[in-house]
Amino acid sequence: MFKKADNNALWAIGISLVLFFIGGILTTVVPPLVDTSWGKPFENHDPAKGITGKVVPLNDLQKKGRAIYVREGCWYCHTQQIRTLLADTKRYGWRGVDAPISTPDEFVYDDPHMFGTKRTGPDLARIGGKYDTQWHKTHFKNPRDLVKGSIMPPFPWIANDPAELSALIAYMQNLGRGKDWRPANDYEK
Amino acid sequence: MQAQFSKAEGGVVPAGSLVHDDATAKWFLVSSVTYFFIVGIIAVIIAAKFVWPDLMGTMSWLTYGRLRPLHVNGMLFGWLLAADMGLAYYIIPRLCGVKLWSEKLGVATAALWNVIILGAVVTLLAGQNQGWEYAELPWYLDILVVVAWIMFGLNILMTVASRKHQAMYVTIWYTMGCVLWTAFVYLTGNFATLFTTGTNQANLNWMYVHNAVGLIFTPIGLGVAYYFIPRASNTPLYSHKLSMVGFWSLAFVYVWTGAHHMIHGPISQWLQTIAIAFSLMLLIPVWAVVYNLFATMKGQWHQLRESVPLKFLMSGIVFYLLTCFQGPMHSLRTVNAIVSKTDWIPGHAHMAVLGCFSFLAIAGTYFTVPKLWGKPLFSESLANWSYWMLMIGGLGFFTTLWLGGFWQGWQWNNWSIPFIDTVIALKPIWIVRFVSGILMFVGIVMFAYNILATVMGANEEAAA
Chain A
1 MFKKADNNAL WAIGISLVLF FIGGILTTVV PPLVDTSWGK PFENHDPAKG ITGKVVPLND
61 LQKKGRAIYV REGCWYCHTQ QIRTLLADTK RYGWRGVDAP ISTPDEFVYD DPHMFGTKRT
121 GPDLARIGGK YDTQWHKTHF KNPRDLVKGS IMPPFPWIAN DPAELSALIA YMQNLGRGKD
181 WRPANDYEK
Chain B
190 MQAQFSKAEG GVVPAGSLVH DDATAKWFLV SSVTYFFIVG IIAVIIAAKF VWPDLMGTMS
250 WLTYGRLRPL HVNGMLFGWL LAADMGLAYY IIPRLCGVKL WSEKLGVATA ALWNVIILGA
310 VVTLLAGQNQ GWEYAELPWY LDILVVVAWI MFGLNILMTV ASRKHQAMYV TIWYTMGCVL
370 WTAFVYLTGN FATLFTTGTN QANLNWMYVH NAVGLIFTPI GLGVAYYFIP RASNTPLYSH
430 KLSMVGFWSL AFVYVWTGAH HMIHGPISQW LQTIAIAFSL MLLIPVWAVV YNLFATMKGQ
490 WHQLRESVPL KFLMSGIVFY LLTCFQGPMH SLRTVNAIVS KTDWIPGHAH MAVLGCFSFL
550 AIAGTYFTVP KLWGKPLFSE SLANWSYWML MIGGLGFFTT LWLGGFWQGW QWNNWSIPFI
610 DTVIALKPIW IVRFVSGILM FVGIVMFAYN ILATVMGANE EAAA
């Protein structure tokens with residue numbers, strides 16, 4: 001079979017594509033058909049079944065904020081995924097409560113997805129409600145005013161534009177809130 | 190076999206030999222070398238921003254988040270892929286014993302490619318980012334990329350179809366594989382993603398990101414290595430059979446591994462396990478290629494002392510082996526829990542794209558440019574210096590990021606250490622990375638200057 005590909009270009013092309021498409025289709029088209037949680041938004045109202053909450057689409061202000069997050073490339077340095085590791089659930093927990101693990105059904109409305117690959121800064125999957133709005137405003141202007149040693153860039157063109165700033169903060173304060181993980185709703189505003 | 194020459198080598202061509210026009214190869218090589226230098230400046234600025242985060246921080250279009258995609262896209266598509274395409278336009282007609290199918294179409298492809306790269310610079314600095322890694326370019330540029338790729342593919346495939354020699358050398362398979370696989374991988378990463386969201390979209394995105402390296406840069410890069418190592422050392426390839434094992438196992442195994450970018454993440458465990466299993470199988474095509482090329486050099490290693498292209502080629506193959514050993518190891522769940530998301534990963538990625546594939550493309554450029562323009566290289570000793578600068582800078586860059594990344598990973602796994610302390614701890618690592626980056630940039634400047642001075646005939650002016 002492969003010997004023939006030495007002399008026959010069409011044959012070589014045919015085998016290359018067949019071999020490629022076996023793995024290609026099995027790993028891209030098939031998985032969402034098998035694992036339906038990839039396409040069904042998270043919803044649970046029964047505390048007996050675990051954490052409660054509901055993932056809903058973003059409102060217009062949050063959408064605008066998300067577009068800024070994409071535009072400025074925040075996602076190059078911040079991931080949005082609590083992995084199945086204690087290193088994540090403990091570190092990104094808050095006031096003694098572990099952060100819930102991120103599941104595919106929390107991201108059904110995410111487009112483009114913002115999972116990220118690199119943590120030059122901390123993960124933001126559960127950042128919503130951890131810091132108040134004033135903290136974010138100061139932080140975007142110059143991160144080092146609040147966090148000594150931080151290497152996050154300053155974003156004066158956002159900090160000085162009230163419309164952009166409030167949109168971005170509205171997006172961030174909503175992150176990870178589809179799962180209602182805080183006891184007694186103790187989120188910062 | 191018929192003797193073959195490039196048009197500019199005039200004067201010494203015996204009657205009846207095949208003379209290649211090579212205009213397309215020339216255009217692609219000159220523009221890619223220029224982008225290598227320009228994007229290199231951006232690379233150094235990014236490295237500096239890790240050390241001085243306020244540097245150029247007040248201008249939106251010079252912020253890290255906008256320069257980084259320009260660095261990645263500029264290096265991948267402006268420099269590396271364009272250089273590899275230029276080399277393919279040189280190699281394929283020679284291996285087929287015919288002229289390029291259409292030199293006009295080739296030059297048009299080169300022009301379109303430059304339009305795409307310039308468009309990328311403007312849109313990325315303006316913050317027009319689609320939000321997918323390696324697929325940041327807006328959709329209208331994506332469509333131009335597809336058009337350019339069809340023009341490139343058509344030219345290569347038609348040249349192969351009109352070949353004089355029935356048997357195809359391994360470089361031809363790899364180049365054809367690159368043409369075909371790239372088409373589907375690129376469509377998946379830039380267009381199929383438009384119809385999906387969330388985890389489903391991320392899975393397609395990482396199928397593209399992983400295979401951009403595995404099924405675009407790997408096949409065309411290895412095709413370049415398989416051509417130039419025997420050429421530059423005047424030694425026949427060790428084993429045809431082994432090159433078959435390497436090629437066909439690559440064709441089957443690579444595409445399965447995209448999900449290993451989300452190990453421990455919000456994606457099905459069984460898909461993670463499949464990606465891990467196939468990542469380990471990648472050791473087969475890698476070992477087949479590396480053994481074959483090393484065995485080719487057996488008894489010929491002394492040639493490295495005299496030949497800059499061979500130095501780059503064989504170092505590139507060593508880096509290929511190391512990168513492709515790291516890759517399968519990272520995919521193991523236990524190792525992944527330490528190195529994933531850390532600075533180890535850019536160390537790994539730079540060894541693949543710079544240490545391996547750029548070294549191979551640089552070697553090809555050094556080898557072909559004097560032939561294409563019919564002039565001796567501007568300076569052999571400058572070429573030698575460019576090798577050592579890139580080698581020392583590269584090693585400094587890779588090793589400090591591995592050490593730093595591993596250290597960072599261990600710290601993250603101890604959640605009593607505040608995150609900011611793990612940032613502060615890495616400061617020395619980023620200083621060394623910046624200094625290594627400058628060394629690499631000096632190497633790039635030496636390479637680009639040497640090539641462009643050769644092209645512009647600085648040698649002849651000096652002699653006159």
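Keeping their order, the protein sequence lines are chains A and B. In terms of my numbering, the first sequence is residues 1 to 189. In terms of my numbering, the second sequence is residues 190 to 653. Backbone N, C-alpha and C fix where the C-beta goes; we use that ideal spot for every residue, glycine too.
Query: Which residues in chain B have a C-beta closer than 7 Å to the C-beta of Met152/A? List them in chain order.; Result: Pro242
Query: What's the gap between the Cα of Ile22/A and the Cα of Val444/B?; Result: 9 Å
Query: Could you name the residues of the same chain whose beta carbon sits closer than 8 Å to that of Ser542/B, not counting the 5 residues immediately before and after it, in chain order?; Result: Per the sequence shown, residue 542/B should be read as Val rather than Ser. Closer than 8 Å at Cβ, skipping near neighbours: Met264, Leu265, Leu269, Val402, Phe406.
Query: Measure from the alpha carbon of Leu482/B to the alpha carbon of each residue in Ala421/B, Pro559/B, Phe194/B, Val528/B, then state which is nearest.; Result: Ala421/B
Query: Of all the options Asn344/B, Leu346/B, Arg352/B, Val304/B, which has the alpha carbon lying nearest to the alpha carbon of Tyr329/B?; Result: Val304/B
Query: Work out the CA separation of Ile231/B and Leu256/B for me, nearest whole Å.; Result: 7 Å
Query: Pick from Gln597/B, Val507/B, Val524/B: whose alpha carbon is nearest that of His453/B?; Result: Val524/B
Query: Alpha carbon to alpha carbon, what distance is there between Leu472/B and Cys513/B?; Result: 7 Å
Query: Are the beta-carbon atoms belonging to Trp181/A and Thr388/B less than 7 Å from one another?; Result: no
Query: Taking DSSP's pairing of strands, which residues face Glu43/A in a bridge?; Result: Lys54/A
Query: Buried or exposed, going by whether 16 or more other CB atoms sit within 10 Å of the CB of Thr27/A?; Result: buried
Query: Just checking, does the stretch 619-630 of chain B make contact with the stretch 228-243 of chain B on the three C-beta pairs under 8 Å criterion?; Result: yes
Query: Roughly how many angstroms separate the alpha carbons of His78/A and Trp591/B, rounded to a whole number?; Result: 20 Å
Query: Measuring straight from C-alpha to C-alpha, what distance separates Gln597/B and Pro143/A?; Result: 21 Å
Query: List the DSSP bridge partners of His209/B.; Result: Ser195/B
Query: On the three-state DSSP scale, how would you describe Trp290/B?; Result: coil
Query: Given 8 Å as the limit, is there contact between the stretch 212-228 of chain B and the stretch 560-569 of chain B, that is, 3 or more CB pairs closer than that?; Result: yes
Query: Let me see if you follow: with CB-CB separation under 7 Å, is Glu164/A close to chain B or not?; Result: no
Query: Indicate the three-state DSSP secondary structure (helix, strand or coil) for Trp562/B in the structure shown.; Result: helix
Query: From the beta carbon of Ile609/B, is the nearest beta carbon of chain E less than 7 Å away?; Result: Among the protein chains of the structure shown, namely A and B, there is no chain E.
Query: For Tyr253/B, go through chain A and note every residue whose CB falls closer than 8 Å to its CB, in chain order.; Result: Gly73, Tyr76, Cys77, Pro153
Query: Pairs of beta-carbons, one from the stretch 493-502 of chain B and one from the stretch 416-430 of chain B, closer than 8 Å: are there three or more?; Result: yes
Query: Just the Cα atoms here: how many angstroms apart are Thr360/B and Lys130/A?; Result: 56 Å
Query: Run the CB neighbour count on Ile613/B, radius 10 Å, all protein chains shown included, and call it buried at 16 or more, exposed below.; Result: exposed
Query: With a cut-off of 8 Å, do at least 3 Cβ pairs link the stretch 632-641 of chain B to the stretch 169-185 of chain A?; Result: no
Query: Count the other CB atoms within 10 Å of the CB of Lys49/A; is the residue buried (16 or more) or exposed (fewer)?; Result: exposed
Query: Return the first residue and the last residue of the alpha helix (DSSP H) that Glu325/B is part of.; Result: Neither: Glu325/B is in no alpha helix (DSSP H) and is coded neither H nor E.
Query: Nearer than 6 Å: is that true of the beta carbon of Ala192/B relative to any heavy atom of the ligand NAP?; Result: The ligand NAP is not part of the structure shown, which contains no ligands of any sort.
Query: Does the stretch 517-537 of chain B come close enough to the stretch 565-576 of chain B to have 3 or more Cβ pairs within less than 8 Å?; Result: no
Query: Let me know the secondary structure DSSP gives Trp94/A once reduced to three states.; Result: strand
Query: Excluding the 5 residues flanking Leu404/B on each side, which residues of the same chain have their C-beta closer than 6 Å to its C-beta?; Result: Trp370, Val374, Tyr443
Query: From which residue to which residue does the alpha helix (DSSP H) around Trp601/B run?; Result: 569-601
Query: Measuring CB to CB, does His450/B end up less than 7 Å from Ser468/B?; Result: no
Query: Which stretch, first to last residue, makes up the alpha helix (DSSP H) that contains Tyr415/B?; Result: 407-422
Query: Can you check whether the C-beta of Met433/B is within less than 7 Å of a C-beta belonging to chain A?; Result: yes
Query: How is the alpha helix (DSSP H) around Arg66/A delimited, first residue to last?; Result: 60-71
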